[in-house]
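Enquirer: Numbering (UniProt numbering), first residue to last: 1 to 128. C-beta: ideal position from N, C-alpha, C; glycine also.
So this is what it looks like as structure tokens:
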């Protein structure tokens, strides 16, 4: 079974088809056949430099028998908050109390509830 194409791939197919339709209506190539990079750029709607970069990466991937990979998704990093020594000590003592005195494994959610009740208005991003 074939893989479904993403919307960007579908757009490129439509651009190539439209380019070929224009050439058919013109009854001649719009761009000379020996200018391959320019033709591909015009067909796909990309710049010639982008076509060159993709081609170069494709040649390297083919010679090393690797797959062409697109760049990963950029995710926002969590904001970290610096705790002062007092808060760190209070956090450490609360973990120690839960583990040794009450014999409870201090999970993040349990610890967060305890800290909100007793010490400070903590958030998950501060603790994690």
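Less than 8 Å between the beta carbons of residue 42 and residue 19, yes or no?
Expert: The answer is yes: Cβ separation under 8 Å.
Enquirer: Quick check on the burial criterion: 16 or more other C-beta atoms within 10 angstroms. Buried or exposed for residue 10?
Expert: Its Cβ having fewer than 16 others within 10 Å, residue 10 is exposed.
Enquirer: Restricting to Cα atoms, I'd like to know which of 22, 88, 70 is closest to residue 6.
Expert: When 22, 88, 70 are compared, the shortest CA-CA separation from residue 6 is found for 70.
Enquirer: Just mark residue 88 as buried or exposed, buried being the case when its beta carbon has 16 or more other beta carbons within 10 Å.
Expert: By the Cβ-count criterion, residue 88 is exposed, with fewer than 16 other Cβ atoms from all chains shown falling within 10 Å of its own Cβ.
Enquirer: Helix, strand or coil: how does DSSP classify residue 10 here?
Expert: helix
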